[in-house]
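Just below is one structure, and these are the notes that go with it.
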């Protein structure tokens, strides 16, 4: 059967290049290489204070320059959202927003599984999970010996 | 030589007695094994023994046939093997043992993290008892199934391929796992994935990458350029896609008949396309997520991976329905259905979204997509071009929403109640920070930090709320298209066939996800059901699939169309050396792809 090109169904042919999603150019092994994305205006670098704040919020560290670079690229990628006009559009939390969330009866149907739940914790005392002392904030940036301190 | 149709449908040549008998009275041209059973005729000739009618076979013949059937059962579909179990042609224990043996011999694929041998054999024995009594629990009784390792399974280690949950033994079963076990399915083990289901290649878990079974298939080896003359050199293996790569590889390599995956941005359909299996993403809210370790609560669904569309319908029937433990499941009654055999597609309207002709789409896949559209048109369906204008922003929107929800969902991993715990004891916060530093890999940490950035007070409106608004635009795009009379959308699933591993890891996880999820995750945005149907083999001998997207909660229509399409394309069976060694026959004749 003669191969009919998809152009018959896609009158416009390829998606017009304006406003194309800018992906970091990957290497497509099947030989088709997309063009390198046009660089936007110079990205405002995220300040060290914000990075430190993020580390405190997330309790996860950047570890090295690659981590920070990753965040920069993620922000640059997300900035494409601002091209879309969303005036008068309500944010969507869930695809099931048209349905009512129901409540079930306030009856206890399950529980009494203390033993099973405690089995997975490493440090327990009787029926308590043991945590190190609280109300001690993480070291401030100046006192830390992490990557961000070195990059300041 | 006469060709006669034997009882199993295979064509076995039967020899007629040609030459006159030799001095000892036996025909000389027959092989020795036939002589003893030959029946001498009055004219001095001989004919081969006719099979006795009825069930008068000797025990030895019956045993040999059952053994041969057991080997070929591995390649059968779920419904075929269920029928065989019911008729007693194979026992659940035998089936389970064969699957476990095949898992051992295909260990190099790294599809499984945990193989639960003892529990599986115990479940198989119980199933055998039920069959002996004539009281099987249902169509899934005795069927070996694998489950992705981000579903909680009681008593079995659930790791999500992460150091954070290494050694974590779940205290409960996820609802979908419980439903499968209640119907008598045999759980073979937990399959490999990307860490916490973040990725599109199944390459980023702590247990190593999953290899695509097609890398070792005859079809791929014949087409791949030999790197050296040495036979020992391993071919450049290709990725299985992700993040449910282990599940897809398990189904594709015949180690199980169905597997559960999860689908947040295409994580079931992408590996299904790369491994040549059917991958179904049900409508959001149809199947319970209780027990599925969440990635993005508003988009996650448990995914179903099987070898054919009928099997996917069977599994959907067993799993779908309201669950009081998951408040995001709809309360409507779900009735399991049998797929009709569609013969007339003239009332169908197929939409071809033009924006899915994305940059980077390989010309091969474009050709297959075009052919599929022609197939529907020639069969009488109405095929129209439609527009989903916000498609190109869906991947950006997904990136923001996913990282934001991930930042929230990963906050539960602090080492206190379960999972890895660091030895740092100075303070709670420092212990949490150290645990999370040790437990998560770069990908997870990167997403958590990006998510926290988008959720900062100064960025909340700019990124998170904006992304939610764009999500509404994307969902309403689909709504408009379906309201205009289109029943099903036909799109490619991936931009190209599976990439070699060495090439795939050149780019980082986020870039790859952004590239590979581009065609699949809009369906997650809108919560619509979608299915990947393996279509044909690419030039490199690797599978390529096409995706059908349907209306919300209209899985029956979607699967009916997918089944019709599957029948038309006749996707070839993978020819794996491992399984071939055990196979002495083919359970079902499969023509090579009439679609390529």
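Residue numbers (my numbering), protein chains in the order written: chain A, 1 to 152; chain B, 1 to 596. Glycine included, each C-beta is placed from N, C-alpha and C at the ideal position.
Within a Cβ cutoff of 7 Å, which residues of the same chain sit near residue i, ignoring the five residues on either side of it in sequence?
i	result
residue 598 (chain B)	The structure shown does not extend to residue 598 (chain B), since chain B is modelled only from 1 to 596, so the question has no answer here.
residue 395 (chain B)	514, 517, 518, 521
residue 413 (chain B)	164, 419, 436, 439
residue 526 (chain B)	474, 475, 478
residue 492 (chain B)	356, 361, 365, 369, 519, 546, 547
residue 323 (chain B)	175, 288, 290, 329
residue 467 (chain B)	397, 400, 401
residue 186 (chain B)	92, 96, 120, 123, 124, 127, 142, 143, 144, 145
Ignore the nearest five residues each way along the sequence and tell me which others in residue i's own chain have a CB closer than 8 Å to its CB.
i	result
residue 31 (chain A)	Residue confidence for residue 31 (chain A) is low, a pLDDT of 39 falling below 50, so the modelled location carries little weight; the figure read from the coordinates is stated next. Counting only Cβ-Cβ distances below 8 Å, and skipping sequence neighbours, we find nothing.
residue 162 (chain B)	195, 196, 205, 206, 439, 440, 441, 444
residue 84 (chain B)	69, 73, 76, 90
residue 409 (chain B)	294, 295, 296, 297
residue 338 (chain B)	313
residue 129 (chain A)	118, 121, 123
residue 128 (chain B)	91, 92, 93, 142
residue 539 (chain B)	223, 364
residue 182 (chain B)	137
List the residues of chain A whose Cβ lies closer than 8 Å to the Cβ of residue i, in chain order.
i	result
residue 209 (chain B)	Result: empty, since nearest Cβ-Cβ is about 16 Å, beyond 8 Å.
residue 448 (chain B)	58, 60
residue 400 (chain B)	78, 81
residue 334 (chain B)	The premise fails here: residue 334 (chain B) is roughly 15 Å from chain A at the closest Cβ pair, so nothing lies under 8 Å.
residue 440 (chain B)	60
residue 463 (chain B)	78, 81
If I measure Cβ to Cβ from residue i and keep anything under 6 Å in the same chain, skipping five residues before and after, which residues do I get?
i	result
residue 309 (chain B)	278, 559, 562, 563, 566
residue 55 (chain A)	61
residue 286 (chain B)	320
residue 166 (chain B)	159
Under 9 Å Cβ-Cβ, which residues of chain A neighbour residue i?
i	result
residue 431 (chain B)	131, 132
residue 426 (chain B)	132, 133, 136
residue 510 (chain B)	24, 70, 73, 74, 77
In chain B, which residues lie with their C-beta within 8 Å of the C-beta of residue i?
i	result
residue 65 (chain A)	Ordered by position in chain B, no residue passes the 8 Å Cβ test against residue 65 (chain A), which lies about 12 Å from the chain.
residue 120 (chain A)	168, 169, 171, 417, 418, 419
residue 61 (chain A)	433, 437, 445
residue 125 (chain A)	None at all; the shortest Cβ gap to chain B is about 13 Å.
residue 80 (chain A)	393, 396
Exposed or buried, which one is residue i when buried takes at least 16 other CB atoms within 10 Å?
i	result
residue 135 (chain A)	exposed
residue 648 (chain B)	Any answer about residue 648 (chain B) is impossible in this case: the structure gives chain B only from 1 up to 596.
residue 104 (chain A)	exposed
residue 576 (chain B)	buried
residue 96 (chain B)	buried
residue 101 (chain B)	exposed
residue 9 (chain B)	In this prediction, residue 9 (chain B) scores a pLDDT of 43, lower than 50, which makes its location untrustworthy; no coordinate-derived value is stated.
residue 102 (chain A)	exposed
residue 158 (chain B)	buried
residue 481 (chain B)	buried
residue 364 (chain B)	buried
residue 670 (chain B)	For chain B, the structure presents residues 1 to 596; residue 670 (chain B) sits outside this window and is missing.
residue 137 (chain A)	exposed
residue 65 (chain A)	exposed
residue 108 (chain A)	exposed
Strictly below 7 Å CB to CB, what residues from chain A border residue i?
i	result
residue 452 (chain B)	54, 57, 58
residue 553 (chain B)	Ordered by position in chain A, no residue passes the 7 Å Cβ test against residue 553 (chain B), which lies about 11 Å from the chain.
Along chain B, which residues have their Cβ under 7 Å away from the Cβ of residue i?
i	result
residue 169 (chain A)	Look at the range of chain A in this structure, 1 to 152, and you will see that residue 169 (chain A) is not part of it.
In chain C, which residues lie less than 7 Å from residue i when you measure between Cβ atoms?
i	result
residue 407 (chain B)	No chain C is part of this structure, whose protein chains are labelled A and B.
In chain B, which residues lie less than 9 Å from residue i when you measure between Cβ atoms?
i	result
residue 48 (chain A)	Near residue 48 (chain A) there are no residues of chain B at all, since even the closest Cβ is about 14 Å away, more than 9 Å.
Practice problem: Could you tell me which uninterrupted beta strand (DSSP E) segments, each at least 3 residues in length, are contained entirely in the stretch 105 to 136 of chain B, listed from first to last along the chain? | Solution: 112 to 115, all fully within the stretch 105 to 136 of chain B.
Quiz item: Residues in the stretch 467 to 478 of chain B with C-beta within 8 Å of chain A's C-beta atoms, listed in sequence order?
Solution: Within the stretch 467 to 478 of chain B, the residues whose Cβ lies closer than 8 Å to some Cβ of chain A are 467, 468, 469, 470, 471, 472, 473, 475, listed in chain order.
Quiz prompt | Runs of alpha helix (DSSP H) lying entirely within the stretch 191 to 224 of chain B, each at least 4 residues, in chain order | solution = Counting only runs of 4 or more, we get 218 to 223.
Exercise. Scan the stretch 86 to 110 of chain A for residues whose Cβ lies nearer than 8 Å to a Cβ of chain B and list them as they occur along the chain.
Key: Of all residues in the stretch 86 to 110 of chain A, the ones placed with a Cβ closer than 8 Å to any Cβ belonging to chain B are 86, 89, 90, 91, 92, 93, 94, 95, 96, 99, 101, 102, 104, in chain order.
Practice problem: Note down, in chain order, all residues in the stretch 314 to 330 of chain B with a beta-carbon under 7 Å from any beta-carbon belonging to chain A. | Solution: Answer in chain order: 324, 327, 328, 330.
Quiz item: Taking the runs of the alpha helix (DSSP H) that are 4 residues or longer, which of them lie wholly in the stretch 451 to 529 of chain B?
Solution: Taking only runs of at least 4 residues, the alpha helix (DSSP H) segments lying wholly in the stretch 451 to 529 of chain B are 466 to 483, 501 to 504, 509 to 516, 521 to 526.
Self-check item: Under 7 Å (Cβ pairs) to chain A, residues found in the stretch 514 to 548 of chain B
Solution: Residues passing the 7 Å Cβ filter: 514, 515, 526, 527.
Quiz item: What are the residues of the stretch 274 to 305 of chain B that lie near chain A, defined by any Cβ-Cβ distance shorter than 7 Å?
Solution: Among the residues of the stretch 274 to 305 of chain B, those with a Cβ less than 7 Å away from any Cβ of chain A are 284, 285, 298, in the order of the chain.
Quiz item: Whole alpha helix (DSSP H) runs in the stretch 251 to 328 of chain B with 4 or more residues, listed along the chain?
Solution: Segments of the alpha helix (DSSP H) lying fully in the stretch 251 to 328 of chain B: 269 to 275, 309 to 319.
Quiz item: Between the stretch 180 to 208 of chain B and chain A, which residues of the former have a C-beta closer than 8 Å to a C-beta of the latter?
Solution: For the stretch 180 to 208 of chain B, which is checked against every Cβ of chain A, not one residue is closer than 8 Å.
Self-check item: Length at least 3, wholly inside the stretch 552 to 580 of chain B: the beta strand (DSSP E) runs in chain order
Solution: If we require 3 residues or more, the stretch 552 to 580 of chain B turns out to have no beta strand (DSSP E) run fully inside it.
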